[in-house]
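Student: What follows is a single structure, and I will ask about it in a moment.
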Amino acid sequence: MEHTKYLNKVNIKHNEGNKKNDYVENEKTKEINPHPIIHTNTNTNTNTNTNTNTSTSTNTSTSTHANTATTATTTTTTTITTTTEKLNNRHSNHYSGNFIIAQYHIIERYLKNFVHDGVERWNLKIQQIRDIIKELYKNPIDLDFGDLNISMDEESLYSNSSSDKLLNTYSIEELESYFDKFGIKQQLSSRGYNHPKIIVDFTDPFVHRLEVTDSISTTINSPNSSNNNNNNNNNNNNNNNNNNGNNTDHILIDIFIRRKEFYIYELLEEKKKHDNSSDRNIGPPSNVDQRYVPNFKMMNGTKLFEWIDLHPTESVLKQIDYPIKSTVIEWLCLQDPSKPFSETRPPLPGQQHSGLGVTKQINNLLVHLATIQNRDCLLNKPFRFYNAFFYQTREYFYIDPGVQAIFLSLLNDIEESISKFGLAPISWAFEFGCVKEKATGNTVKWEFHKQLKPISPRMKNYFKSKLYIKSVQDNMRPMGTFYIDWSGHPSLSHFV
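Structure follows, in structure tokens:
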């Protein structure tokens with residue numbers, strides 16, 4: 002009996018599906034082919050008619066003096082044919098457009114019905130919960146279900162975002178209070194920036210931009226100040242206001258940020274493409290936003306060190322059997338336009354101004370915001386070696402233990418040079434292709450991989466797991482695998 006009922010339900014749904022398909026086909030026929038006769042002619046005879054008409058017109062011109070009756074007949078035929086041709090061409094040009102519009106409206110109706118049905122079912126469930134609570138408890142309970150009720154209209158369905166808050170959560174006032182709480186305002190004030198302004202850009206509905214600007218009372222004398230808008234696209238939108246001299250607002254903090262969930266299978270697919278790609282050494286991966294990435298191409302013919310595992314890491318990554326809720330730092334720039342570079346503080350690759358001294362405070366703020374929103378991690382893809390170096394001092398780890406092992410191996414071999422010469426020369430050595438693999442002489446080109454700051458307990462447990470730690474150890478390169486060829490570029494030769 003139960004089996005029969007189930008089959009009846011399946012048959013009913015099947016019949017309803019057939020009716021919907023018939024309705025869709027009818028709608029497509031109505032909207033795509035409002036003039037079936039004209040369209041039929043257009044599809045079958047347009048090219049033939051065009052050639053025929055051309056011949057007829059030519060013959061008409063050459064036989065004008067033959068006789069008046071023939072001319073009149075031919076002229077009439079030409080006029081009718083030309084008119085038909087224009088109609089055919091007009092409808093032929095609009096055919097594809099009408100088809101796309103018809104498909105759009107069909108999909109639109111389907112999505113609207115789907116969303117509205119979902120809203121109705123949700124509100125019905127909420128009402129059922131209310132009724133159950135009333136039946137179970139004699140004393141009335143004051144529960145506010147207002148936020149759970151959903152109303153769906155045209156405007157809310159199609160609007161990009163009704164929020165004027167960062168990540169649809171934080172207002173300007175809240176951000177200002179956080180800047181004060183985490184000591185960012187105080188640090189800015191110590192550098193002479195006493196009136197910082199917070200600007201949030203919601204142009205992109207997914208990636209929000211947070212800027213902090215302030216005016217500078219003196220003209221910047223940095224050697225880079227005259228070329229702010231001609232440097233690489235690390236800060237391609239950052240210096241629109243930096244060319245007007247005194248008392249002009251300058252960007253101090255610039256953050257592109259978003260929330261995103263991703264699954265390990267996505268990372269494994271990305272890893273597989275990377276390992277199997279023949280052109281992976283040419284430039285940054287395609288999924289890196291080109292607004293923020295300069296040209297990292299090496300010279301043709303340069304043999305490169307391959308960032309591949311010594312021991313497979315797939316089984317380790319598959320420990321993560323849940324969607325990773327991340328807050329993604331797409332881009333982070335902290336700069337002090339009023340402070341010029343010096344011999345003791347030379348520019349790092351891509352830098353247009355000296356640092357702002359608020360890296361720790363900004364990181365603490367981002368960690369706090371991600372924590373109160375129950376995110377699993379902060380996520381970034383360091384675009385240069387020194388970015389990854391700074392992040393690892395804040396307990397960021399590469400999610401792939403194989404990549405983490407290569408990074409730590411590099412640090413082990415160049416740590417002495419960092420202590421001796423500072424971070425800037427080592428960063429430029431990567432930029433100029435002077436970091437080498439000793440056994441082969443291959444150049445180590447910096448690559449972009451996911452680096453995480455674990456926040457949730459489950460994410461912390463992954464990085465503390467025996468499998469992850471062992472995989473890192475198994476993929477470590479021996480000491481002395483990498484070295485810096487200081488003679489490989491004239492700018493670095495004096496460090497030999």
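Take the sequence shown: its position 419, counting from 1, is numbered 420 in my numbering, and each next residue is one higher.
Even for Gly, the Cβ is constructed at its ideal location relative to N, Cα and C.
Please read all numbers here as calculations on a predicted model, not as lab measurements.
(1) Under three-state DSSP, which class holds Val329?
(2) Let me know if Lys437 comes out buried or exposed under the rule of 16 or more other beta-carbons within 10 Å of its beta-carbon.
(3) Within 10 Å of its beta-carbon, does Tyr397 have 16 or more other beta-carbons around it, so buried, or fewer, so exposed?
(4) May I ask you to report which of helix, strand or coil DSSP gives Phe449?
(5) So, does the region 467 to 485 touch the region 394 to 409, judging by three or more C-beta pairs under 8 Å?
(6) Is the CB-CB distance between Ser316 and Arg376 below 8 Å?
(7) Quick test of the definition: if touching needs 3 or more C-beta pairs under 8 Å, does the region 420 to 428 touch the region 474 to 481?
(8) Is the distance from the Cβ of Pro383 to the Cβ of Gln452 below 8 Å?
(9) Whole angstroms are fine: how far does the CA of Lys126 sit from the CA of Lys446?
(10) In this structure, does DSSP put Val497 in helix, strand or coil?
(11) For the alpha helix (DSSP H) that Asp276 lies in, which residues bound it at each end?
(12) Less than 8 Å separating the beta-carbons of Val368 and Lys439?
(13) If you check the beta carbons only, do Ile415 and Ile485 fall under 8 Å apart?
(14) With DSSP as the reference, please indicate the residues paired to Pro455 in a beta bridge.
(15) Could you compute how far the alpha carbon of Ser357 sits from the alpha carbon of Ser410?
(16) Are the Cβ atoms of Leu253 and Val201 separated by less than 8 Å?
(17) Taking DSSP as the reference, what is the three-state secondary structure of Val208?
(18) Could you tell me which of Pro426, Arg395 and Leu189 sits nearest to Glu344, measuring between CA atoms?
(19) Relative to the alpha-carbon of Thr303, which residue among Gln129, Thr170, Phe433 and Pro491 has its alpha-carbon at the smallest distance?
(20) Is it buried or exposed, Phe408, if we count other Cβ atoms within 10 angstroms and call 16 or more buried?
(21) Assuming contact is defined by CB atoms lying nearer than 8 Å, are Ile256 and Trp332 in contact in what I supplied?
(22) Candidates Arg122, Leu112 and Ile185: which alpha carbon is nearest Lys361's?
(23) Mind checking whether Arg259 and Val208 have CB atoms under 8 Å apart?
(24) Relative to the C-alpha of His490, which residue among Ser428, His450 and Met460 is closest?
(25) Looking only at C-alpha atoms, which of Asp215, Lys273 and Pro206 sits nearest to Ile199?
(26) Compare the C-alpha of Val473 against each of Leu318, Ser457 and Lys274 and name the closest.
(27) Can you list, in chain order, the residues of its chain with a C-beta nearer than 7 Å to that of Arg346? Leave out the 5 residues immediately preceding and following it.
(28) At 4 residues or longer, and completely inside the region 398 to 424: list those alpha helix (DSSP H) runs for me, N to C.
(29) Of the choices Ile130, Phe390, Phe496 and Glu448, whose alpha-carbon is the least far from that of Glu307?
(30) Hey, could you find the ends of the alpha helix (DSSP H) Lys182 is sitting in?
(31) Can you give me the C-alpha to C-alpha distance between Glu267 and Glu175, rounded to a whole angstrom?
(32) Determine the DSSP secondary structure at Phe306, reduced to helix, strand or coil.
(33) How is Glu262 classed by DSSP in three states: helix, strand or coil?
(34) Cβ of Leu380 within 8 Å of Cβ of Ile363?
(35) Using alpha carbons as the reference points, say which of Arg385, Asn413, Pro341 and Lys465 lies closest to Phe483.
(36) Figure out for me which residue from Leu493, Thr204, Ser492 and Ser457 has the closest Cα to the Cα of Asp165.
Tutor: Checking against the coordinates, here is how it stands:
(1) Residue numbering aside, residue 329 sits at position 328 when the sequence shown is read from its first letter. Val329: strand per DSSP, three-state reduction.
(2) Numbered from 1 along the sequence shown, position 436 holds the residue referred to as residue 437. Its Cβ being crowded by 16 or more others within 10 Å, Lys437 is buried.
(3) Stepping through the sequence shown from its first residue, residue 397 is reached at position 396. Label assigned to Tyr397: buried.
(4) Translated into positions along the sequence shown, residue 449 becomes position 448. Note: Phe449 maps to coil in three-state DSSP.
(5) yes
(6) As a first step, residue 316 is located in the sequence shown; it is residue number 315 there, counting from the start. As a first step, residue 376 is located in the sequence shown; it is residue number 375 there, counting from the start. No, these two residues do not count as a Cβ contact at 8 Å.
(7) No, the region 420 to 428 does not touch the region 474 to 481.
(8) Here the question's residue 383 lines up with position 382 in the sequence shown. Here the question's residue 452 lines up with position 451 in the sequence shown. Yes; because the gap between Cβ atoms is below 8 Å, this pair is in contact.
(9) Residue numbering aside, residue 446 sits at position 445 when the sequence shown is read from its first letter. Residue numbering aside, residue 126 sits at position 125 when the sequence shown is read from its first letter. The alpha-carbon atoms of Lys446 and Lys126 are separated by roughly 56 Å.
(10) For the purposes of this step, residue 497 is taken as residue 496 along the sequence shown, with counting starting at 1. Note: Val497 maps to coil in three-state DSSP.
(11) As a first step, residue 276 must be located in the sequence shown, where it is residue number 275. Looking at the DSSP string, the run of the alpha helix (DSSP H) that includes Asp276 is Ile265 to Asn277.
(12) Within the sequence shown, residue 368 is the residue found at index 367, counting from 1. Within the sequence shown, residue 439 is the residue found at index 438, counting from 1. Taking 8 Å as the Cβ cut-off, Val368 and Lys439 do not qualify as a contacting pair.
(13) On the sequence shown, residue 415 is found 414 positions in, with the first residue counted as 1. On the sequence shown, residue 485 is found 484 positions in, with the first residue counted as 1. Going by C-beta atoms, Ile415 is nearer than 8 Å to Ile485.
(14) Here the question's residue 455 lines up with position 454 in the sequence shown. Answer is Cys378, bridged to Pro455.
(15) Mapped onto the sequence shown, residue 357 falls at position 356. Mapped onto the sequence shown, residue 410 falls at position 409. Note that residue 357 is Leu in the sequence shown, not Ser. Distance between the alpha carbons of Leu357 and Ser410: 30 Å.
(16) Residue numbering aside, residue 253 sits at position 252 when the sequence shown is read from its first letter. Residue numbering aside, residue 201 sits at position 200 when the sequence shown is read from its first letter. One thing to note: Leu253 has its Cβ no nearer than 8 Å to the Cβ of Val201.
(17) Position 207 of the sequence shown, counted from the first residue, corresponds to residue 208. Three-state result, Val208: coil.
(18) Locating residue 344 in the sequence shown gives position 343, counting from the first residue. Closest option to Glu344, Cα to Cα, is Pro426.
(19) Sequence index remark: in the sequence shown, residue 303 carries index 302 (1-based). If we check each option's Cα against that of Thr303, Phe433 comes out closest.
(20) For the purposes of this step, residue 408 is taken as residue 407 along the sequence shown, with counting starting at 1. Buried.
(21) On the sequence shown, position 255 is the one that residue 256 refers to. On the sequence shown, position 331 is the one that residue 332 refers to. Yes, the Cβ-Cβ distance between Ile256 and Trp332 is below 8 Å.
(22) If you number the sequence shown from 1, residue 361 lands on position 360. If we check each option's Cα against that of Lys361, Ile185 comes out closest.
(23) Taking the sequence shown and counting its residues from 1, one reaches residue 259 at position 258. Taking the sequence shown and counting its residues from 1, one reaches residue 208 at position 207. Yes, they are a contact pair.
(24) Here residue 490 refers to the residue found at position 489 of the sequence shown. For the residues Ser428, His450 and Met460, the minimum Cα distance to His490 belongs to Ser428.
(25) For this step, residue 199 is matched to residue 198 along the sequence shown. Closest in alpha carbon position to Ile199, among Asp215, Lys273 and Pro206, is Asp215.
(26) Position 472 of the sequence shown, counted from the start, is the residue given in the question as residue 473. Distances from the CA of Val473 to each of Leu318, Ser457 and Lys274 were compared; the closest alpha carbon is that of Leu318.
(27) One-based indexing of the sequence shown puts residue 346 at position 345. Contacts found: Ser355.
(28) 402 to 422
(29) Within the sequence shown, numbered from 1, the residue matching residue 307 stands at position 306. Of the listed residues, the one whose Cα sits closest to Glu307 is Glu448.
(30) Within the sequence shown, numbered from 1, the residue matching residue 182 stands at position 181. Ile173 to Lys182 is the span of the alpha helix (DSSP H), which, as asked, contains Lys182.
(31) By one-based count along the sequence shown, residue 267 stands at place 266. By one-based count along the sequence shown, residue 175 stands at place 174. Spanning the two alpha carbons is a distance of roughly 34 Å.
(32) To locate residue 306, count along the sequence shown from 1; it is residue 305. Note: Phe306 maps to coil in three-state DSSP.
(33) Here residue 262 corresponds to residue number 261 of the sequence shown, with the count starting at 1. Strand.
(34) Locating residue 380 in the sequence shown gives position 379, where the first residue counts as 1. Locating residue 363 in the sequence shown gives position 362, where the first residue counts as 1. Between Leu380 and Ile363, the C-beta spacing is not below 8 Å.
(35) On the sequence shown, position 482 is the one that residue 483 refers to. Out of Arg385, Asn413, Pro341 and Lys465, Asn413 has the C-alpha closest to the C-alpha of Phe483.
(36) As a first step, residue 165 is located in the sequence shown; it is residue number 164 there, counting from the start. Of the candidates Leu493, Thr204, Ser492 and Ser457, the one whose C-alpha sits nearest the C-alpha of Asp165 is Thr204.
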